[in-house]
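Structure first, commentary second.
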Amino acid sequence: MELFEFKPYRIVEIEQIFHCYFKFHRYYLLRFNYSLIDYQHKQLNLRISNLKFLLWCCLRAWISFLYLWILTLFPDAEWILSQNFLSKIIDNLNGVNVLFVYVSIIILWVEHAWFQAFRSLHNYSLKLIENVLIVYDDRKYTSNNRQHLLRYFIIFGYISGTIYRLFAICIVLCYLIIVLNIPDQYEEIENKCSVFSFLIVAGITINHLIFLTGLCFTVFFCCVFTCDLLLCQFKQLKQSLRENCSNRVLLRRRSISMFIIEFLHRKFRDKYSEIFVETSNINEYYRRILFLIEMLSQITMIFLIIFYAKQKQISFYCLEIFITITPIFLMTTLIYSRISHFDSDNIAIYEIINSWSAKMHLKLSHQKLSERKMFSNQNTKLFSLLKLHHFNQSLANNRLGFTCGQFFYINKNRYAELLIMNIIFVMLFYKKLILNNIF
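So the mapping is simple: my numbering equals the position in the sequence shown, first residue as 1, plus 8.
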């Protein structure tokens, strides 16, 4: 999947979105080209010829990581264009070492995530794609919701792709500005070979940073859209349940049989369980991605505070860094705002089904004995009622949705709590560490 290959306007079906998701997942996260048929038959081609791109990505990542730490630890190195030399080219930009450390942490964290994902793929224990494929089924959604989801994907796909391309253009322009300014400082360079080593290694680093940006704005976007598909199914269930429970014909009937109650409840129970299983299966893998996004967000927030404190004045380069990095911090807030709806919708479903069951049970209790004979065995009747009420009561405690790693379940309370804690953390961090000149 190349930089300018993502074209959302060509999407006309939800099932087509899955193919984009699969391409992004293979290219940016796994870095390995394979088909679902090969994976299902355990016939992955792990020859060197098929691992060239994977090996190149790993080599590129570690070259970038080592290069950034060399610039940080050896600011006066003569065998490569040092940090001090670069600061002469880029005027009014301080705290470059903080930027290098921040980027190196992201590179290391992404490599760790890749290793875990590829190890699961190699062991044929990566069930994510098969679980996601079940969700991308047009038949699961009403026609109105399908159109809404397609418009949502196209609009936000363009926004995500535009940010990705703008970041790539900005980072390439920064690289070109540095390269074009090297001739002005060429006479001051003692080791002329350091220029060529810089051009090669810095070019590799820029290439890898663009690749990491693609991971953020394509794979993460598709992950969020998958969550939206599950949330859409859940909202459809809530709407269907509300319509069935408010059915005036059913409520005005003088008598009602246990068979009708059991049939309607079983229909709801099966759909609810289906969504719960789909969400739980996807959450087994997504919780790692959400944890990765959370850590990236927190690290980005700390970096922005320290980097801002080190600036004597806001230059063009400083402003460009803020504009390109701030969306990473905001990404968690936007994702949590969507995922947190699962818990509130689950509580709404619990209230609807509990109220409906109470009304039906009251109607049954007021019927004459001859009219409410449902089963020849009264124990079976009692067991059915207990099963219905037990399922209803368990809904309120179900953690249907997604979790951040193994730390916390994402709901609206947690979302609001994290938002407030981030604001307080920024204020305390700036007060204790920045104003006291610790950095």
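All C-beta atoms in this analysis are idealised placements derived from N, C-alpha and C, irrespective of residue type, glycine included. Computed from a predicted structure; not experimentally measured.
From the DSSP output, read off the bridge partner residues of residue i.
i	result
T308	T308 pairs with nothing; no bridge assigned.
C412	F416
Assign residue i to buried or exposed, taking buried as 16 or more other Cβ atoms, counted over all protein chains shown, within 10 Å of its Cβ.
i	result
G169	buried
K376	Confidence in K376 is poor, its pLDDT being 48 and thus under 50, which makes the residue's placement too unreliable to answer from.
H27	exposed
N385	Its pLDDT being 48, under 50, N385 is placed unreliably by the model, and the measurement read from it follows with that caveat. Exposed, because fewer than 16 other Cβ atoms sit within 10 Å of the Cβ of N385.
R34	buried
V227	buried
A460	Nothing in the structure corresponds to residue 460, since the chain is present only between 9 and 447.
L460	Absent from the structure is residue 460, since the part of the chain shown begins at 9 and ends at 447.
M339	buried
I185	exposed
Q241	buried
L293	Before going on, a small fix: residue 293 reads as Tyr here, not Leu. Buried.
V285	exposed
I25	buried
K320	exposed
V143	buried
F123	exposed
A210	buried
T213	buried
W77	exposed
G413	exposed
S72	buried
S363	exposed
I163	exposed
A366	exposed
F204	exposed
N291	buried
V20	exposed
I432	exposed
I336	buried
L67	exposed
Y280	buried
I348	Correcting the residue type first, residue 348 is Ser in the shown sequence and not Ile. The residue in question, S348, is buried, as its Cβ has 16 or more Cβ neighbours within 10 Å.
Note the first and the last residue of the continuous alpha helix (DSSP H) segment covering residue i.
i	result
E251	228 to 253
C224	Per DSSP, C224 belongs to no alpha helix (DSSP H) and is neither H nor E.
I78	60 to 81
L44	44 to 48
N23	The sequence given here has Glu at residue 23, not Asn. Start and end: 22 to 32.
Is there a C-beta anywhere in chain B that falls below 8 Å from the one on residue i?
i	result
N400	Reference to chain B is not applicable here, since this structure consists of a single protein chain.
Is it the case that the CB of residue i approaches a heavy atom of the ligand MN more closely than 7 Å?
i	result
C28	With respect to the ligand MN, the structure offers nothing, as it holds no ligand at all.
**Prompt:** Do three or more CB pairs link the segment 167 to 186 to the segment 53 to 67 at distances below 8 Å?
**Reply:** No, they do not touch.
**Item:** In chain order, each alpha helix (DSSP H) run of at least 4 residues that lies wholly inside the segment 117 to 195
**Value:** Whole alpha helix (DSSP H) segments, 4+ residues: 136 to 143, 151 to 189.
**Request:** Output the residue ranges of the alpha helix (DSSP H) runs that lie fully inside the segment 266 to 336 and measure 4 residues or longer, sorted by chain position.
**Result:** The alpha helix (DSSP H) runs lying completely inside the segment 266 to 336 and spanning 4 residues or more are 266 to 317, given in chain order.
**Prompt:** Quick one: any contact between the segment 312 to 327 and the segment 341 to 361, if contact means 3 or more CB pairs under 8 Å?
**Reply:** These segments do not touch.
**Asked** Does the count of Cβ pairs from the segment 273 to 288 and the segment 57 to 73 closer than 8 Å reach three?
**Response** The segment 273 to 288 is not in contact with the segment 57 to 73.
**Message:** Could you check whether the segment 104 to 115 touches the segment 291 to 300, counting it as contact only if at least three pairs of C-beta atoms, one from each stretch, sit closer than 8 Å?
**Reply:** Here the segment 104 to 115 does not lie against the segment 291 to 300, with fewer than 3 beta-carbon pairs under 8 Å apart.
**Message:** Contact between the segment 29 to 45 and the segment 216 to 232 is defined here as three or more beta-carbon pairs at a separation below 8 Å; is this criterion met?
**Reply:** Taking a cut-off of 8 Å on C-beta distances, the segment 29 to 45 touches the segment 216 to 232, as three or more cross pairs fall below it.
**Message:** Under 8 Å, with one C-beta from each stretch per pair, do the segment 41 to 52 and the segment 129 to 142 reach the 3-pair mark?
**Reply:** The segment 41 to 52 is in contact with the segment 129 to 142.
**Meets three-Cβ-pair contact criterion under 8 Å: the segment 423 to 433 and the segment 341 to 351** = Taking 8 Å as the limit for Cβ pairs, the verdict is that the segment 341 to 351 does touch the segment 423 to 433.
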